[in-house]
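Going letter by letter, the sequence shown gives residues 1 to 289 in full-length UniProt numbering.
Ideal Cβ placement from N, Cα and C applies to all residues, glycine included.
Small disclaimer: the values here were computed from a predicted structure and weren't measured.
Notes follow once the structure below has been shown.
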Amino acid sequence: MVSEPGVEGLGRAVGALRQWQDDAAPFQLHPGDLGWFWRFGAEATAAAVRTWSRGGELVAVGLLDGPTLLRLGIAPGLQRDPELARQLITDLGAVLPPGPASVEAPTGALVDERLAEEGWSSDEVWTPLRLELTEPVEEPGVRIEVVGPEQAEVRAAVHRAAFDRSTFTDGSWHAMAGGPAYAEARCLVAHDDGDAVAAVTVWSAGPGRPGLLEPMGVHRDRRGRGHGRAICLAAAAALRDLGSSSATVCTPSANVGGIATYESAGFRRLPERRDRRRDAPGRQPDAAP
């Protein structure tokens with residue numbers, strides 16, 4: 001049955017997600033996703049996380065990335081497990097509100113197929129990309145600064161200049177950096193002619209496992225000058241230094257410019273993935289047979 005881990009259980013959820021990352025497995029919820037959400041604080045993150053256990057071990061972790069979107073990470077060996085798929089679908093009524101809602105599950109997971117059978121339609125299309133880190137990464141060509149507490153305000157300002165309606169502040173950075181996922185993370189800022197022009201946060205899942213870029217942005221007044229490519233190269237190099245096997249990112253397929261930026265830095269596209277969406281007002285999915 002679904003549980004709310006509380007602040008004290010968040011470290012365990014982060015640890016499970018780290019163990020589940022594998023270049024040979026489908027792209028799924030990453031510890032960095034919880035780490036980035038931590039900018040809202042530990043209490044808010046705990047309120048957004050749900051876990052499922054079997055025999056005392058975590059088998060699935062969910063993140064409510066907004067009130068109507070549940071993003072799932074599932075233990076690789078159980079992604080086709082009928083009992084777990086049935087339990088996850090049964091518990092959606094307790095996790096998501098009535099009416100329109102979406103679920104992001106690993107590609108190929110049985111729960112995704114069962115949701116389709118229950119009438120959930122295909123939703124937004126996403127493009128995962130990956131850069132293998134077996135070889136050294138090309139130099140970015142601009143000055144890269146690793147962000148610490150003293151540079152938090154600069155990093156936050158670049159983020160707000162890259163993303164419309166962002167509320168990210170230096171306080172958000174300090175909250176994020178205080179979470180357990182940030183123990184294996186780095187924030188980087190690219191500088192050009194003395195100005196901060198791009199920023200990224202990278203999240204390692206441990207040596208030999210894929211790392212994540214979340215988020216990456218370029219100052220709106222400095223786009224079209226190669227700064228996106230430069231910060232992506234710096235991000236990949238930082239993950240390689242942390243022992244990651246690859247650098248990964250997932251962006252909406254409609255973000256054509258973003259995809260082109262990642263590809264210019266050597267990332268290659270993986271097969272597209274789709275969320276599942278329930279449109280019928282008030283409809284709750286039944287348990288799968």
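Asked                                                                                                                                                  : Found
For G282, which of helix, strand or coil comes out of DSSP?                                                                                            : Reliability of the predicted coordinates at G282 is poor, the pLDDT of 41 falling under 50, and the value obtained from them is presented with this limitation in mind. G282 falls in the coil class under three-state DSSP.
Could you work out which residue in G9, R18, V2 is closest to A183 when comparing CA atoms only?                                                       : R18
With a threshold of 8 Å, are at least 3 pairs of Cβ atoms found where one atom belongs to the segment 164 to 177 and the other to the segment 9 to 28? : no
To the nearest angstrom, report how far apart T51 and E104 are at their CA atoms.                                                                      : 15 Å
Go ahead and pull the three-state DSSP assignment for residue 290.                                                                                     : This structure gives no information on residue 290, because the portion of the chain shown stretches from 1 to 289.
Mind checking whether A181 and V49 have CB atoms under 8 Å apart?                                                                                      : no
Which residue's Cα is closest to the Cα of L239: R80, Q87, H174, A205?                                                                                 : A205
Compare the beta carbon distance of D33 and R86 with 8 Å and say whether it is the shorter of the two.                                                 : no
Buried or exposed for G108, going by 16 or more other Cβ atoms inside 10 Å?                                                                            : exposed
May I ask you to report which of helix, strand or coil DSSP gives H159?                                                                                : helix
How big is the Cα-Cα spacing for V7 and R39?                                                                                                           : 14 Å
To the nearest angstrom, report how far apart P130 and S244 are at their CA atoms.                                                                     : Note that residue 130 is Arg in the sequence shown, not Pro. Roughly 12 Å separates the two Cα atoms.
Is T201 helix, strand or coil when you go by DSSP?                                                                                                     : strand
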